[in-house]
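Its first residue numbered 159, the sequence shown is counted upward by one per residue in the working numbering. Built from N, CA and C at the ideal position, the CB exists for glycine as well.
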Amino acid sequence: MSLTKIISKDFDIEDNLSENQLREALIDAFAYLIDNDFPKLIQILYKADVDQYQLKEMLETVEGSRAAEVIADTYIARQMAKIETWKKYSQKKD
Numbered sequence: 159m160s161l162t163k164i165i166s167k168d169f170d171i172e173d174n175l176s177e178n179q180l181r182e183a184l185i186d187a188f189a190y191l192i193d194n195d196f197p198k199l200i201q202i203l204y205k206a207d208v209d210q211y212q213l214k215e216m217l218e219t220v221e222g223s224r225a226a227e228v229i230a231d232t233y234i235a236r237q238m239a240k241i242e243t244w245k246k247y248s249q250k251k252d
């Protein structure tokens with residue numbers, strides 16, 4: 159399972175984005191959600207199983223970054239962790 163495939167469940171994104179382009183697209187999407195649809199933002203983070211306490215702490219302690227950047231990085235890290243878990247357990251079945 160690819161990162162883009164997982165993220166496309168929550169966002170309408172292109173399949174052929176580089177990691178940096180994907181991050182920028184997510185920053186823009188989260189910035190929009192912060193300003194315009196906060197309930198949807200919370201729903202996406204909940205569905206992705208982003209640790210709310212860790213995210214809150216990061217938002218309070220990270221300096222010089224917009225909230226959307228912190229949220230995007232945390233979201234990406236969580237999705238990457240899911241991929242690693244799936245890979246780990248799918249190899250054990252073989």
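Same chain, Cβ closer than 6 Å to residue i, neighbours up to 5 away in sequence not counted
i, result
"D252", "Only weak support is given to the placement of D252: the predicted model assigns it a pLDDT of 49, under 50, and the question is left unresolved by the model."
"F169", "A187"
Sequence-distant residues of its chain with Cβ nearer than 7 Å to residue i (five each side left out)
i, result
"L191", "K198, L199"
"V208", "T232, Y233, R236"
CB contact flag (residue i, residue j, <8 Å)
i, j, result
"L161", "I241", "yes"
"I164", "Q249", "no"
Residue i classed as buried or exposed, judged by whether at least 16 other C-beta atoms fall within 10 angstroms
i, result
"L203", "buried"
Can at least three beta-carbon pairs, one atom from the region 205-213 and one from the region 181-189, be found at a separation below 8 Å? no
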